[in-house]
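Chemist:
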Amino acid sequence: MNFVPAHETASRPRLVVIGNGMAGIRTVEELLSRAPDKYNITVFGAEPRVNYNRIMLSPLLSGEKTFDDIVINPLDWYQHNNILLLSGDPVIHIDRAEKFVISRSGTKTPYDHLLLATGSDPIIIPVPGHKLPGVVTFRDVDDVDTMLAAAENGGEAVVIGGGLLGLEAAVGLQARGMAVTVIHLASHVMERQLDGSAGHLLQEELRRRGITVMTGADTAEICGTDRVTGVSLKDGHHIPASLVVMAVGIRPNGRLANESGVAVERGIVVNDVMATSDPSIHAVGECVQHRGLCYGLVAPLFEMAKSCADDLAGINSTGYGGSVTSTKLKVTGVDVFSAGDFSSGPDCDDIVFRDAGRGVYKRIILFEGRIRGAVLYGDTSDGAWYFQLMKDETDVTDLRNSLAFGQAFAGGSATNPIDAVAALPDNAEICGCNGICKGSIVSAITEKNLTSLDDVKAHTKASASCGSCAGLVESLLAATLGGGYQAASVKPICPCTDHDHDNVRRLIRARALKTMPAVMQELEWKTPDGCHICRPALNYYLLAAWPGDYVDHGASRFINERVHANIQKDGTYSVVPRMWGGLTNPRELRAIADVADKFNIPTVKVTGGQRIDLLGVKKQDLPAVWADLNSAGMVSGHAYGKSLRTVKTCVGQEWCRFGTQMSLGMGVALEKMTWGSWMPHKFKMAVSGCPRNCAEATIKDFGVIATDGGWDLHVGGNGGIHLRATELLCKVTTEAEVREYCGAFIQLYRETARYLERTAPWIERVGLKYVQDRMVEDAQNRATLFARFIESQKTAQIDPWAERATGGVDAHEFKHLTAAE
Amino acid sequence: MADILNWVDIGPLDGIPVQGARTLQTASDRIAVFRTLDNQVFALLDRCPHKQGPLSQGIVHGHFVTCPLHNMVFSLETGLAQGADDGCAAKMETRLENGMVRVGLTPSQMAKPDAQ
Numbered sequence: 000m001n002f003v004p005a006h007e008t009a010s011r012p013r014l015v016v017i018g019n020g021m022a023g024i025r026t027v028e029e030l031l032s033r034a035p036d037k038y039n040i041t042v043f044g045a046e047p048r049v050n051y052n053r054i055m056l057s058p059l060l061s062g063e064k065t066f067d068d069i070v071i072n073p074l075d076w077y078q079h080n081n082i083l084l085l086s087g088d089p090v091i092h093i094d095r096a097e098k099f100v101i102s103r104s105g106t107k108t109p110y111d112h113l114l115l116a117t118g119s120d121p122i123i124i125p126v127p128g129h130k131l132p133g134v135v136t137f138r139d140v141d142d143v144d145t146m147l148a149a150a151e152n153g154g155e156a157v158v159i160g161g162g163l164l165g166l167e168a169a170v171g172l173q174a175r176g177m178a179v180t181v182i183h184l185a186s187h188v189m190e191r192q193l194d195g196s197a198g199h200l201l202q203e204e205l206r207r208r209g210i211t212v213m214t215g216a217d218t219a220e221i222c223g224t225d226r227v228t229g230v231s232l233k234d235g236h237h238i239p240a241s242l243v244v245m246a247v248g249i250r251p252n253g254r255l256a257n258e259s260g261v262a263v264e265r266g267i268v269v270n271d272v273m274a275t276s277d278p279s280i281h282a283v284g285e286c287v288q289h290r291g292l293c294y295g296l297v298a299p300l301f302e303m304a305k306s307c308a309d310d311l312a313g314i315n316s317t318g319y320g321g322s323v324t325s326t327k328l329k330v331t332g333v334d335v336f337s338a339g340d341f342s343s344g345p346d347c348d349d350i351v352f353r354d355a356g357r358g359v360y361k362r363i364i365l366f367e368g369r370i371r372g373a374v375l376y377g378d379t380s381d382g383a384w385y386f387q388l389m390k391d392e393t394d395v396t397d398l399r400n401s402l403a404f405g406q407a408f409a410g411g412s413a414t415n416p417i418d419a420v421a422a423l424p425d426n427a428e429i430c431g432c433n434g435i436c437k438g439s440i441v442s443a444i445t446e447k448n449l450t451s452l453d454d455v456k457a458h459t460k461a462s463a464s465c466g467s468c469a470g471l472v473e474s475l476l477a478a479t480l481g482g483g484y485q486a487a488s489v490k491p492i493c494p495c496t497d498h499d500h501d502n503v504r505r506l507i508r509a510r511a512l513k514t515m516p517a518v519m520q521e522l523e524w525k526t527p528d529g530c531h532i533c534r535p536a537l538n539y540y541l542l543a544a545w546p547g548d549y550v551d552h553g554a555s556r557f558i559n560e561r562v563h564a565n566i567q568k569d570g571t572y573s574v575v576p577r578m579w580g581g582l583t584n585p586r587e588l589r590a591i592a593d594v595a596d597k598f599n600i601p602t603v604k605v606t607g608g609q610r611i612d613l614l615g616v617k618k619q620d621l622p623a624v625w626a627d628l629n630s631a632g633m634v635s636g637h638a639y640g641k642s643l644r645t646v647k648t649c650v651g652q653e654w655c656r657f658g659t660q661m662s663l664g665m666g667v668a669l670e671k672m673t674w675g676s677w678m679p680h681k682f683k684m685a686v687s688g689c690p691r692n693c694a695e696a697t698i699k700d701f702g703v704i705a706t707d708g709g710w711d712l713h714v715g716g717n718g719g720i721h722l723r724a725t726e727l728l729c730k731v732t733t734e735a736e737v738r739e740y741c742g743a744f745i746q747l748y749r750e751t752a753r754y755l756e757r758t759a760p761w762i763e764r765v766g767l768k769y770v771q772d773r774m775v776e777d778a779q780n781r782a783t784l785f786a787r788f789i790e791s792q793k794t795a796q797i798d799p800w801a802e803r804a805t806g807g808v809d810a811h812e813f814k815h816l817t818a819a820e
Numbered sequence: 000m001a002d003i004l005n006w007v008d009i010g011p012l013d014g015i016p017v018q019g020a021r022t023l024q025t026a027s028d029r030i031a032v033f034r035t036l037d038n039q040v041f042a043l044l045d046r047c048p049h050k051q052g053p054l055s056q057g058i059v060h061g062h063f064v065t066c067p068l069h070n071m072v073f074s075l076e077t078g079l080a081q082g083a084d085d086g087c088a089a090k091m092e093t094r095l096e097n098g099m100v101r102v103g104l105t106p107s108q109m110a111k112p113d114a115q
């Protein structure tokens, strides 16, 4: 699977990498940057996919990121670097005497150098029932998929283990709608990183979010006969659950090395250049044991990768000297930082700062005038500073009085983030994950003329892993470039909030926010009930995220969508009944004429979208006008909505001597499928029966042009102030394909465009390739987009006119108040 | 406010949608009666000072309403235009007593009661 043909160059030695994870591939990247042509490289991976960022599994689970977001190196990276990737095919044997490896599929691959990056295995506690279906670990994308499948039906989940990984799993599952209980053996959660006080604050926060935390809880048995039904504790408690996540820790995976006779203790034993007991075998990552220590965090892995790459490239270096590590919990809205040793001793000095109102707790442990450990909860902005002081073993005696207040108050300097970062020494570490210090970022910015966060990510890797240092990198850009730096600043939706559109959408899904008050509460809106800018946007985002579930909020819609007609400058309304594909008949035309007479409608006009507009209708007449139009079989044309407007057609093969396809029929079919759908902005379509394009399909949001062999699908056009012609999305052959691509395109637009962003600016922002990757190249994704569109249409295709003309909906809109006698 | 107001009953609070408005036609003009999220009642002449837009049709947020024609925002408490815009919508007096809404009408508005 994922086979990438590589062109082997005969003269080069062969490097075989076992492990397609973060450590193995980082070592390859480092090696390529030092000696790009030294080896023919083959990579074996156990998982059937490309290299991804494992520390982003938590946001993947909670829905804040997609798999695409967490891919580090896509397939073309392997191709470009001439690397043979054999994923989904783990190595099962190493023959050190003959120097070859054998994979599960039976492939025999010779090597000159071997790199082991086999990572670690999740620890499974062997309690009864641990093999039942429904018991999972939290280690890879497959585990996440299993959890997501379980979470689809809601229900209850138990997470065994209240460490970093367990809590991230718990929060993710809770965001996915499960009722979660965390079972933890120690007296407080994350006891290896947090002291009792910070642990308590974190537990309270988890409880506030609806997660049950049981500490001092020892698992006796996982219950169930053919699948898990619950967990029993040794104290007799029983917790029902349809999903059990085992997250009690990891163990270095040295199996393969051990079987082949390479020295393995707790992990694969390596020296400072990451060589094992066999000089032609190196090892990096969580599988190794270096100077007696095993690591489970990403920063040490990346440091190992550098030393290992030096050695493989034949560069003499001092080698890897071990790591001091720090931890952050990757849970949105919870800031926890921990570094070093926080167990206080007799000669230690504790500095503690608490602010209950803000929920802030800071504790810094000093030993002989130097920072030995730090625990921060609620405000972790100074974590990097403390960590640096700790790693450098800086004497902080002079800073002691103001140490708890952070860097801004240290020595009376640096009161804003830009000055603070400017004051840092060049060797100060900015990106902990990738071990990038300030000096290398600054020189990259100046030498390579970098101007944005993305540039810095691409050139230095800083903030490309967990992303928590992105703010520091931006400050560094500002400090280095001065006034020339324009931060890719968050543009809030409106003054009611600091969040931008994309953030709000992401959080609505990630935190399962299903009502407008919930969004405003959770995302800390600054006004009691928003304003005319944010409320319609939120109403749309909620409607798009939870079709069938969310109750439309009329008071948050612009008047036109509230009363299903277009307000005119004199306060009267215009009424446009739907004419499917621009087709009409004498009966409809008679009904329109009768309505115009009966209600003294002053203006009747043919629109650009091939239908008829009745202008100047009084608001109180609207229900009666609609009732008459309804009884002639007509429904709302949504000419007033951020929704499907018209499908313009030419007469095509039905009548035209040049027509190549039935464009009328296709137009009607598309309109029947898509009417009633709410969208970020208005959406227009057209179908032309031949390339002469009489329906002007190339200035529509979705345009279809018939050809001899099928249909050309065009997207992203509009008339208006900024005229834009469509771009060709793809060519298809069948009518069913036109319908599927149309629905999938609309759904992608509905899910990813910002409110009031038409398809033209949306496509200019994300790029046509983004759209093509998701719905042309990826057939499976296209099918699921289409399915989601059809699903949401089930509750959208109700004629709003009928609801009001005869159903009594919003009757108050159309009647004045009356004064009592 | 030289005129003596006539307080007229215009029905229960529940007759007006939350974060919405309804209109009352008087002898001389039309009044927009608003109900905010916190269940307070306000009234303005239903005529935006900018281009006569019907304020009753606007989105109600906090103690403000946004005119549906050109998005000018007015305070329901004072009638004053907000932000960079100038102008003032005519403010009417209201009372909420035992769940019933009352509006204070001027003699000219009362001249020929027209209850539609």
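If you read the protein sequences in the order shown, they are chains X and R. Residue 0 is where the first sequence starts when you use numbering that gives the first Met the number 0, and the numbers rise one by one after that. Residue 0 is where the second sequence starts when you use numbering that gives the first Met the number 0, and the numbers rise one by one after that. Virtual Cβ for every residue (Gly too), placed ideally from N, Cα, C.
If distances are taken between C-alpha atoms only, which option among X:Asp707, X:Phe701, X:Leu184, X:Asn629 comes closest to Leu747 (chain X)?
Modeler: Checking every option, the nearest Cα to that of Leu747 (chain X) belongs to X:Phe701.
Chemist: Counting contacts by CB-CB distance shorter than 8 Å, is Thr93 (chain R) in contact with chain X?
Modeler: No, because no Cβ of chain X sits closer than 8 Å to the Cβ of Thr93 (chain R).
Chemist: Note down the Cα distance separating Thr445 (chain X) from Ile314 (chain X), rounded to an integer number of angstroms.
Modeler: Rounded to whole angstroms, Thr445 (chain X) to Ile314 (chain X) spans 27 Å at the Cα level.
Chemist: Since Phe598 (chain X) meets chain R, which of its residues come closer than 9 Å, beta carbon to beta carbon?
Modeler: Correct list: empty, because the minimum Cβ distance to chain R is about 17 Å.
Chemist: Mind checking Phe404 (chain X): buried by the 16 CB within 10 Å criterion, or exposed?
Modeler: It is exposed - the Cβ of Phe404 (chain X) has fewer than 16 other Cβ atoms within 10 Å.
Chemist: Return the residue from the list X:Val157, X:Asp141, X:Arg33, X:Cys693 that minimises the CA-CA distance to Ala240 (chain X).
Modeler: Comparing Cα positions, the closest option is X:Val157.
Chemist: Kindly list, in the order they appear in chain R, the residues whose Cβ is closer than 8 Å to that of Gly570 (chain X).
Modeler: Going along chain R in sequence order, the residues near Gly570 (chain X) (Cβ under 8 Å) are Gln51, Gly52, Pro53, Gln56.
Chemist: Please give me, in chain order, every unbroken run of the beta strand (DSSP E) with length at least 3 that falls completely inside the segment 383-450 of chain X.
Modeler: Whole beta strand (DSSP E) segments, 3+ residues: 428-430.
Chemist: Identify whether Asp113 (chain R) lies in helix, strand or coil by the three-state DSSP scheme.
Modeler: Annotation note: pLDDT 46 at Asp113 (chain R) (below 50); position unreliable, coordinate value reported separately. Three-state result, Asp113 (chain R): coil.
Chemist: Can you say whether Phe137 (chain X) is buried or exposed, counting buried as having 16 or more other CB atoms within 10 angstroms of its CB?
Modeler: Per the 10 Å Cβ criterion, buried.
Chemist: Does the segment 572-590 of chain X come within contact of the segment 638-649 of chain X, defined as at least 3 CB pairs closer than 8 Å?
Modeler: Touching, per the Cβ criterion.
Chemist: Along the chain, where does the beta strand (DSSP E) that runs through Cys347 (chain X) open and close?
Modeler: Cys347 (chain X) -> beta strand (DSSP E) spans 347-354.
Chemist: Find the residues of chain X that neighbour Gln18 (chain R), judging by a C-beta separation of less than 7 Å, and give them in chain order.
Modeler: Per Cβ cutoff of 7 Å: Asp528, Ala554.
Chemist: Hey, quick one: how far does the alpha helix (DSSP H) through Thr799 (chain X) stretch, first residue to last?
Modeler: Here the sequence assigns Pro to residue 799 (chain X), which means Thr is not the residue at that position. 799-804 is the extent of the alpha helix (DSSP H) around Pro799 (chain X).
Chemist: Let me know the alpha helix (DSSP H) ranges lying completely inside the segment 58-104 of chain X, each 4 residues or longer, listed in chain order.
Modeler: As far as the segment 58-104 of chain X is concerned, its whole alpha helix (DSSP H) runs of at least 4 residues are 66-69, 74-79.
Chemist: Determine the extent of the beta strand (DSSP E) in which Lys361 (chain X) is found, giving its start and end residues.
Modeler: That run of the beta strand (DSSP E) goes 359-366.
Chemist: Any contact between the segment 110-121 of chain X and the segment 91-99 of chain X? By contact I mean 3 or more CB pairs, one from each, below 8 Å.
Modeler: Yes, the segment 110-121 of chain X is in contact with the segment 91-99 of chain X.
Chemist: Comparing C-alpha positions only, which one of R:Arg29, R:Leu4, R:Asp45, R:Arg34 sits nearest to Gly98 (chain R)?
Modeler: Nearest of R:Arg29, R:Leu4, R:Asp45, R:Arg34 to Gly98 (chain R), Cα basis: R:Arg34.
Chemist: Examine chain X for any beta-carbon lying closer than 8 Å to the beta-carbon of Gly14 (chain R), and answer yes or no.
Modeler: Taking Cβ atoms only, chain X reaches closer than 8 Å to Gly14 (chain R), which makes this a yes.
Chemist: Within 8 Å (strictly less), CB to CB, does Asn70 (chain R) reach chain X?
Modeler: Cβ-Cβ to chain X under 8 Å: yes for Asn70 (chain R).
Chemist: On a Cα-Cα basis, can you pick out the residue from X:Ser259, X:Asp139, X:Thr317, X:Arg505 that is closest to Asp120 (chain X)?
Modeler: Considering only alpha carbons, the answer is X:Asp139.
Chemist: Looking at Met389 (chain X): is its Cβ nearer than 8 Å to the Cβ of Val323 (chain X)?
Modeler: Yes.
Chemist: Does DSSP put Asn629 (chain X) in a helix, in a strand, or in coil?
Modeler: Reduced to three states, the DSSP call for Asn629 (chain X) is helix.
Chemist: Could you pull the start and end residues of the beta strand (DSSP E) that Ser325 (chain X) belongs to?
Modeler: Per DSSP, Ser325 (chain X) belongs to the beta strand (DSSP E) from 325-327.
Chemist: Between which two residues does the beta strand (DSSP E) holding Met99 (chain R) run?
Modeler: Segment 99-104, the beta strand (DSSP E) holding Met99 (chain R).
Chemist: With DSSP as the reference, please indicate the residues paired to Trp761 (chain X) in a beta bridge.
Modeler: DSSP, once it has assigned bridges, lists no residue as partnering Trp761 (chain X).
Chemist: From the DSSP output, in three-state form, read off His183 (chain X) for me.
Modeler: Coil at His183 (chain X), not helix or strand.
Chemist: Among X:Gly266, X:Gly295, X:Met245, X:Phe813, which one has its Cα closest to the Cα of Val562 (chain X)?
Modeler: Taking only the C-alpha atoms, the option nearest Val562 (chain X) is X:Phe813.
Chemist: Between Thr571 (chain X) and Leu614 (chain X), what straight-line distance do the alpha-carbon atoms span, to the nearest angstrom?
Modeler: Rounded to whole angstroms, Thr571 (chain X) to Leu614 (chain X) spans 8 Å at the Cα level.
Chemist: DSSP beta-bridge partners for Trp677 (chain X)?
Modeler: X:Ser642, per the DSSP bridge assignment.
Chemist: For the structure I just gave you, are there three or more beta carbon pairs, one from the segment 456-471 of chain X and one from the segment 493-503 of chain X, closer than 8 Å?
Modeler: Judged by Cβ distances under 8 Å, the segment 456-471 of chain X makes no contact with the segment 493-503 of chain X, as fewer than three pairs qualify.
Chemist: Hey, does Arg534 (chain X) have any beta-carbon neighbour from chain R nearer than 8 Å?
Modeler: Arg534 (chain X) counts as touching chain R.
Chemist: What in chain X is Cβ-close to Thr65 (chain R), meaning under 8 Å?
Modeler: Per Cβ cutoff of 8 Å: Cys530, His531.
Chemist: Can you grab the Cα-Cα spacing for the pair Ser27 (chain R) / Gly529 (chain X), in whole Å?
Modeler: Straight-line Cα distance between these residues: approximately 34 Å.
Chemist: Quick one: which chain R residues come within Cβ less than 9 Å of Ala185 (chain X)?
Modeler: Going along chain R, no residue has its Cβ under 9 Å from Ala185 (chain X), so there is no contact; the nearest lies around 46 Å.
Chemist: Return the CA-CA distance between Arg610 (chain X) and Gly581 (chain X), expressed in angstroms with no decimal places.
Modeler: Cα to Cα, the separation comes out at about 6 Å.
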